[in-house]
Amino acid sequence: MWKQIISKLPKKSSSKNHSSSNATASTSKTSDNGAGKSANSHTKNPPAAKSAASPPDSGFKDGNLKGNVNGFTPYEALPSFKDVPNAEKQSLFLKKLSLCCVAFDFGDPTKSVKEKEIKRQALLELVDYVASANGKFSETVIQEAVRTVSANIFRTLNPQPRENKVVDALDLEEEEPSMDPAWPHLQLVYELLLRLIASPETDTKLAKKYIDQSFVTRLLDLFDSEDPRERDCLKTVLHRVYGKFMVHRPFIRKSINNIFYRFVFETEKHNGIAEFLEILGSIINGFALPLKEEHKVFLVRALVPLHKPKCLQMYHQQLSYCITQFVEKDCKLADTVIRGLLKSWPVTNSSKEVMFLNELEEILEATQPPEFQRCMVPLFRRVARCLNSLHFQVICLYRFTFLQLHLRFCWSWE
Numbered sequence: 472m473w474k475q476i477i478s479k480l481p482k483k484s485s486s487k488n489h490s491s492s493n494a495t496a497s498t499s500k501t502s503d504n505g506a507g508k509s510a511n512s513h514t515k516n517p518p519a520a521k522s523a524a525s526p527p528d529s530g531f532k533d534g535n536l537k538g539n540v541n542g543f544t545p546y547e548a549l550p551s552f553k554d555v556p557n558a559e560k561q562s563l564f565l566k567k568l569s570l571c572c573v574a575f576d577f578g579d580p581t582k583s584v585k586e587k588e589i590k591r592q593a594l595l596e597l598v599d600y601v602a603s604a605n606g607k608f609s610e611t612v613i614q615e616a617v618r619t620v621s622a623n624i625f626r627t628l629n630p631q632p633r634e635n636k637v638v639d640a641l642d643l644e645e646e647e648p649s650m651d652p653a654w655p656h657l658q659l660v661y662e663l664l665l666r667l668i669a670s671p672e673t674d675t676k677l678a679k680k681y682i683d684q685s686f687v688t689r690l691l692d693l694f695d696s697e698d699p700r701e702r703d704c705l706k707t708v709l710h711r712v713y714g715k716f717m718v719h720r721p722f723i724r725k726s727i728n729n730i731f732y733r734f735v736f737e738t739e740k741h742n743g744i745a746e747f748l749e750i751l752g753s754i755i756n757g758f759a760l761p762l763k764e765e766h767k768v769f770l771v772r773a774l775v776p777l778h779k780p781k782c783l784q785m786y787h788q789q790l791s792y793c794i795t796q797f798v799e800k801d802c803k804l805a806d807t808v809i810r811g812l813l814k815s816w817p818v819t820n821s822s823k824e825v826m827f828l829n830e831l832e833e834i835l836e837a838t839q840p841p842e843f844q845r846c847m848v849p850l851f852r853r854v855a856r857c858l859n860s861l862h863f864q865v866i867c868l869y870r871f872t873f874l875q876l877h878l879r880f881c882w883s884w885e
């Protein structure tokens, strides 16, 4: 009986063993968790250590450009588009764009000759690829193409030093234009941009995210380049941008307006006025009738004052065309234009006086009798003073212009 009672009592040793086993399990679990955390921390640390120990990024992401022991990245040619499958051509296109972001020093023709030729060939292939595209360009392609163009053409323009003296148009014509030594690459980059903008495979909605107002502003700044070849390319590119991106049209006109203001009233120095006026001549020709008030303001405040600078001869032909376009579209503007010419008349500059008389002749051909009657008195007085000029061309033009004025006067009073 005692054995039965004793057997029913709880065993302390077993409870101790159980608690110790629980503690052991808990301890082992804790140690496992700690080991796990330690393992995780060790797993995360090596990349950081590797990143810290790795050399700085050289700027090349292409697999074809491998660094050597010294950390130098050679500039190597990429495969041609004809040597890769169609599925890999877009990837190769992006790699070639990245390759062409590298700028070289063209001041020394013996420097990096091989690399310059590699880049030139890559640019030629990029131009051909864009020109022959048969599918819509992705946003990545447009973004990278604009990035490559920006890396090459947007730079600080370094004007050639001139003597500190007043430079007139005749002096500028006698000077040899400054040619950019990097033109072999710049020409291809401009061609790439032109093909990208003109391509039907370029989505305007996607492209305007990257060819934005900032891009257009920097493009306009380049018109001050002394290289006439670059200004000619810029003229074509800006005209394409104006035609394709309607959202940028008011901004482009306003920006050119501001450039004219600075040129006339502040600096009287800019290399691209003739190119701007040539673009505007085409734009004005497309203005719908009746003319908007902002267009008339542009004529009076921006175009007419361009007759004041001494270097008028550099852009007078383009300016005269723009002025005549306005008068032909709205004959009521003739009085305003003629009075503006009389206000800026070059009394002591015979060569400019010849230009004014030639322009006056073109304006009178588009002038109607009511407008002529409003300005004929001051016009007759100014033309009559040309008789005192010692310049033979002024005298000849005076006779022709005076005869034309006389006929206009008789016609207006019939």
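Be aware that the sequence shown starts at 472, since it is given in my numbering, and climbs by one per residue. By construction, the Cβ of each residue, glycine as well, lies at the ideal position given by its N, Cα and C atoms. In this text the structure is predicted, and so the values were computed from the model without any measurement.
Could you tell me the distance, in whole angstroms, from the CA atom of residue i to the CA atom of residue j?
i, j, result
"Ser583", "Leu705", "27 Å"
"Gln788", "Ala604", "39 Å"
"Glu615", "Ile794", "41 Å"
"Phe722", "Val573", "31 Å"
"Arg845", "Asn829", "21 Å"
"Thr619", "Glu746", "25 Å"
"Asn511", "Ser562", "Bear in mind that a pLDDT of 44 at Asn511, under 50, signals an unreliable position, so the number given afterwards is only what the model happens to contain. Approximately 36 Å between the Cα atoms of the pair."
"Gln796", "Leu748", "12 Å"
"Ala548", "Pro655", "18 Å"
"Ala581", "Asp651", "One point to set straight first is that residue 581 is Thr, not Ala, in the sequence displayed. Near 16 Å, if we compare the C-alpha coordinates of Asp651 and Thr581."
"Leu790", "Leu813", "16 Å"
"Leu447", "Ala855", "Because residue 447 is not part of the residues shown, which for the chain are 472 to 885, the question remains open."
"Phe531", "Glu739", "Low local confidence applies: a pLDDT of 38 at Phe531 is under 50, so the model's placement there is unreliable, and no value is given."
"Arg591", "Pro550", "14 Å"
"Phe827", "Met785", "14 Å"
"Gln684", "Tyr661", "18 Å"
"Val825", "Ile834", "14 Å"
"Gly714", "Ile682", "13 Å"
"Ser649", "Phe686", "25 Å"
"Pro840", "Lys803", "10 Å"
"Asn820", "Arg853", "14 Å"
Mapping the DSSP letters down to three states, classify residue i as helix, strand or coil.
i, result
"Glu833", "helix"
"Leu850", "helix"
"Gly811", "helix"
"His778", "helix"
"His787", "helix"
"Ile682", "coil"
"Val818", "coil"
"Ser551", "coil"
"Asn557", "helix"
"Ala855", "helix"
"Arg618", "helix"
"Lys706", "helix"
"Asp599", "helix"
"Ser696", "coil"
"Arg724", "helix"
"Gly714", "helix"
"Gly757", "coil"
Find out if the Cβ-Cβ distance for the pair residue i, residue j is shorter than 9 Å.
i, j, result
"Leu760", "Asp801", "yes"
"His741", "Ile727", "no"
"Ile809", "Leu831", "yes"
"Ser753", "His719", "no"
"Glu559", "Phe608", "no"
"Thr675", "Phe716", "yes"
"Leu657", "Asn623", "yes"
"Lys567", "Ala593", "yes"
"Ala837", "Val798", "yes"
"Lys779", "Ser822", "no"
"Ala805", "Phe769", "no"
"Gly743", "Arg702", "yes"
"Ala678", "Val598", "no"
"Leu777", "Val708", "no"
"Thr807", "Val771", "yes"
"Ala653", "Phe736", "no"
"Leu693", "Leu628", "yes"
"Phe564", "Val612", "yes"
"Glu610", "Tyr546", "no"
Using a threshold of 8 Å, is the CB atom of residue i nearer than that to any non-hydrogen atom of the ligand GDP?
i, result
"Ile834", "Inclusion of the ligand GDP in the displayed structure is not the case, the ligand content being empty and no account of it being possible."
Contact between the region 694-702 and the region 662-669 is defined here as three or more beta-carbon pairs at a separation below 8 Å; is this criterion met? Taking 8 Å as the limit for Cβ pairs, the verdict is that the region 662-669 does not touch the region 694-702.
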